[in-house]
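Numbering (UniProt numbering), first residue to last: 1 to 288. These notes concern the structure reproduced below.
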């Protein structure tokens, strides 16, 4: 029997939670009478998610419209979350990108880097105080168990010298996320915040069936598992009585709740933290 912490009236934020794994996880929090905020770009999808979450038993459910692929959007989303609740018990990042070619954001950043790495790191840092205030703030990055050779060079994160490729771009963001978890876990070791990467396999989600996705990815998504199945470990990470055993770790196997400590190059982790701060400062965003 799994012993869970108190979820009723606790506060959870889902970036990318209007559909797919994010929504599947949010539904489980709603069934436990938690307060849920979903953050995304589509008003229609967001409001549909709110209706579903309230029907499932959420103590409250709201939608915040934000485009977290831009620095201004990240800052606005963080402010919106803070206005929603001062204390946060969980953040879940499932937002993913679909692209058949290299796309550059208004900030001059490669799109997958901006959405799947930078937004997660920036939002976590901007909301760290709110997570700590709850006494048990948990951050989950939905990720992949990616081989180390996909680690991008930190001096060419925007593919200015390297040739862009979808797999190279997306897989690299997973490893950057792992570096972020490793560094944040060290810097926040005295705070009641835990960070975990939940690795999932191919899943039947909206983004995986997007026509802009490479054909191979769409095929993998078509024959993948359900969002509900992929959400099992995410839900457990958020609800288990103690997350100490998964802090600073990844769960590499989707069907097993077994943590593996993230142990990447500490120099890279520290450097990426500084790079993230510098990029955010371009839009006058000061990261703690």
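For each residue, glycine too, the CB sits at the ideal point set by N, CA and C. It should be emphasised that the depicted structure is a prediction, and the values quoted were computed from it without experimental measurement.
| query | result |
| --- | --- |
| Quick one: Cα of residue 53 to Cα of residue 21, how far? | 14 Å |
| Could you pull out every residue in the same chain whose Cβ sits closer than 7 Å to the Cβ of residue 179, ignoring the five residues on either side in sequence? | 264, 268, 269 and 272 |
| Mind reading off the beta-carbon distance from residue 83 to residue 288? Whole number of angstroms is fine, and I expect it under 8 Å. | Residue 83 to residue 288, Cβ: 18 Å. No contact. |
| Does the region 59-66 come close enough to the region 101-112 to have 3 or more Cβ pairs within less than 8 Å? | no |
| Can you tell me where the alpha helix (DSSP H) holding residue 129 begins and where it ends? | 128-133 |
| If you draw a straight line from the alpha carbon of residue 155 to that of residue 102, how long is it in whole angstroms? | 18 Å |
| Tell me the rounded alpha-carbon separation between residue 145 and residue 233. | 14 Å |
| In chain order, what residues of the same chain lie with their CB nearer than 7 Å to the CB of residue 4, ignoring the 5 residues before and after it? | 239, 240 and 241 |
| Does DSSP classify residue 189 as helix, strand or coil? | coil |
| Considering only the beta carbon of each residue, do residue 237 and residue 140 sit closer than 9 Å? | yes |
| Measure the CB-CB distance between residue 92 and residue 13 and report whether it falls below 9 Å. | yes |
| Whether or not the region 33-44 and the region 157-165 are in contact is what I'm after, with contact meaning three or more pairs of Cβ atoms, one per stretch, closer than 8 Å; do they touch? | no |
| Can you tell which of 150, 10, 167 and 30 has its C-alpha closest to the C-alpha of residue 176? | 150 |
| Nearest CA to the CA of residue 89: which residue from 8, 69, 17 and 43? | 8 |
| Using 9 Å as the threshold, is the C-beta distance between residue 75 and residue 126 below it? | yes |
| Leaving out five residues on either side along the sequence, give the residues of the same chain with a beta carbon under 7 Å from the beta carbon of residue 42. | 18 |
| What does residue 250 pair with, by DSSP beta-bridge criteria? | 197 and 260 |
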